[in-house]
Amino acid sequence: MISIAICDDSSNVLRNLEGNIQDYAKKNEKEIRTFSFHDGSELIKNYTGKFDIIFLDIKMPKMNGIETAKKIRENDSNVIIIFLTSLVQYALEGYDVNAANYLIKPISKKRIEMELDRWTGALLQKEEPYICFHNDNGNYRILLKNISYIETYNRNLLIHTAEQNIVCYWKMKDMESKIAPYGFSRNHSSYIVNLFYVENIEKNEVKLSTGERLPISKTKKKEFMEDIAEYWGNLI
Numbered sequence: 000m001i002s003i004a005i006c007d008d009s010s011n012v013l014r015n016l017e018g019n020i021q022d023y024a025k026k027n028e029k030e031i032r033t034f035s036f037h038d039g040s041e042l043i044k045n046y047t048g049k050f051d052i053i054f055l056d057i058k059m060p061k062m063n064g065i066e067t068a069k070k071i072r073e074n075d076s077n078v079i080i081i082f083l084t085s086l087v088q089y090a091l092e093g094y095d096v097n098a099a100n101y102l103i104k105p106i107s108k109k110r111i112e113m114e115l116d117r118w119t120g121a122l123l124q125k126e127e128p129y130i131c132f133h134n135d136n137g138n139y140r141i142l143l144k145n146i147s148y149i150e151t152y153n154r155n156l157l158i159h160t161a162e163q164n165i166v167c168y169w170k171m172k173d174m175e176s177k178i179a180p181y182g183f184s185r186n187h188s189s190y191i192v193n194l195f196y197v198e199n200i201e202k203n204e205v206k207l208s209t210g211e212r213l214p215i216s217k218t219k220k221k222e223f224m225e226d227i228a229e230y231w232g233n234l235i
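Sequential numbering from 0 applies to the sequence shown in numbering that gives the first Met the number 0.
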C-alpha cells in the first residue's frame, strides 16, 4: 500500500489531484491511500513519517512549500517530494530540499499519471512484508497487505484474505508481535485488524471496507483508537 499526501491551499486542486490519483489506482490495480492538507503547517502537525509521496504546493499562506519541505527533511530523508507551482522560478527552489520533481499548474491528468507511473513503480519494486507458515494443507506465503484481519479459531488462527481464509497454528500473541509494526492493531482479544481496511468506527464496532464488522473490546479500545489515530495521521 502506498500513502500519498497532497498539500495545497486550493480545494479544487486537492479535489482534482485526489480524484486523479484514485482513478489511476483503480485503473492500475494499485493500493493507494491519499491524505489532503490545506497548508504546510497542517501537514507538519499531522506528519507521521508514513507517507511515500508528497505533492506539495510551493506558494501557500502560513507556511510555504519550501519551508514545509525543509521541516519534513529534518526527520525524513526518504519521502518523495513533488512540488506543485504556477511559476517556474519557484520550482527551482525545490532542489535545495532534494525534490524529486516539480509540476507546473495547471496539471493535466496525463501528467499526474506519468508521475505516478514513475514513482509508484519504484516503490512497489521494494520487497513487501509477508508471513510464512504451514498447516495440514501445505505451506503458505501471504503478503501482509492482502490480510484484512485475523481471528482466533478453534485454538488456532484464521487469516482472512480476499481470496480465501487460511488456518494458521500460531498463537495470537506471536502473530501480533510479528505483524503489528506493519499497520495491524488488536481491537479485541480474538481479533487483529489490518488498519488499511478500516472504513469507519461506530461505537464499539469497526467496519472494514470488505463490509465486515468486528467488535472493539473495552480493554483494547484505547490502544486501538491510538493506533488508528497514528495510522490516519491523527485525522479521525
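We put the CB at the ideal spot given by N, CA and C, even for glycine. Just so it is clear, the structure is predicted and the values come from calculations on it, not from any experiment.
From which residue to which residue does the alpha helix (DSSP H) around residue i run?
i    : result
F195 : Taken as a continuous stretch (DSSP letters only), F195 belongs to no alpha helix (DSSP H), as it is neither H nor E.
D22  : 10-27
S176 : 171-178
E112 : 108-123
I71  : 64-72
With DSSP run on the structure shown, which of helix, strand or coil describes residue i?
i    : result
P214 : strand
S35  : strand
E150 : strand
F223 : helix
E204 : strand
N97  : coil
Y236 : Past the edges of the chain, shown from 0 to 235, lies residue 236, and the structure says nothing about it.
I3   : strand
Y241 : This structure does not reach residue 241, given that the chain is present from 0 up to 235, and the question cannot be answered.
I43  : helix
What's the gap between the Cα of residue i and the Cα of residue j?
i    : j    : result
Y46  : D135 : 44 Å
D116 : F223 : 34 Å
M62  : D38  : 7 Å
K221 : F54  : 33 Å
I235 : E229 : The pLDDT assigned to I235 is 45, lower than 50, so where the model puts this residue is not dependable; a value taken from the coordinates is nonetheless given after this. The alpha-carbon atoms of I235 and E229 are separated by roughly 9 Å.
P128 : I20  : 24 Å
E211 : I200 : 12 Å
W169 : F132 : 8 Å
K25  : C6   : 22 Å
A4   : S189 : 33 Å
R110 : S40  : 27 Å
G120 : E204 : 36 Å
I43  : N74  : 11 Å
E114 : R154 : 48 Å
L16  : V96  : 23 Å
V12  : I81  : 14 Å
I106 : Y23  : 15 Å
N138 : I165 : 11 Å
P180 : M171 : 15 Å
E162 : Y101 : 40 Å
R32  : K49  : 11 Å
T67  : Y152 : 48 Å
K104 : N145 : 36 Å
State the CB to CB distance for the pair residue i and residue j, rounded to an integer number of angstroms; the pair is presumed to be in contact (CB under 8 Å).
i    : j    : result
S2   : D51  : 5 Å
S184 : D226 : 4 Å
N193 : I215 : Actually they are not in contact, since the Cβ atoms of N193 and I215 sit about 15 Å apart, beyond 8 Å.
L143 : I178 : 6 Å
Please list the terminal residues of the continuous beta strand (DSSP E) segment that includes residue i.
i    : result
K160 : Note on identity: in this sequence residue 160 is Thr, with Lys being the wrong assignment. Counting along the chain, the beta strand (DSSP E) containing T160 begins and ends at 155-160.
T84  : 79-84
I103 : 100-103
E165 : Here residue 165 turns out to be Ile, not Glu, going by the sequence shown. 164-167 is the span of the beta strand (DSSP E), which, as asked, contains I165.
S184 : 183-187
N134 : 129-134
I53  : 52-56
To which residues of the same chain is residue i closer than 7 Å at the C-beta, ignoring the five residues directly before and after it?
i    : result
T209 : S147, Y196
D8   : H37, D38, D56, M59, P60
E198 : K206, L207, S208
M174 : I149, L156, I191
L122 : I1, D51
G182 : N193, L194, F195, Y230
S35  : I5, L13, E17
For residue i, which residues in the same chain have their Cβ closer than 6 Å to its Cβ, ignoring the five residues on either side in sequence?
i    : result
H159 : S147, Y148
I79  : I52, A99, W118
I71  : none
K108 : N19
Give every residue of the same chain whose Cβ lies closer than 8 Å to the Cβ of residue i, excluding the five residues on either side of it in the sequence, and list them in chain order.
i    : result
R140 : Y129, I130, C131
S10  : H37
Within 7 Å of any Cβ in chain D, is that where the Cβ of residue i sits?
i    : result
K170 : The structure shown contains no chain D; it is built from a single protein chain.
Looking at the ligand ATP, does it come within less than 6 Å of residue i, judged from the CB to the closest heavy atom?
i    : result
T209 : No copy of the ligand ATP appears in this structure; indeed no ligand is present at all.
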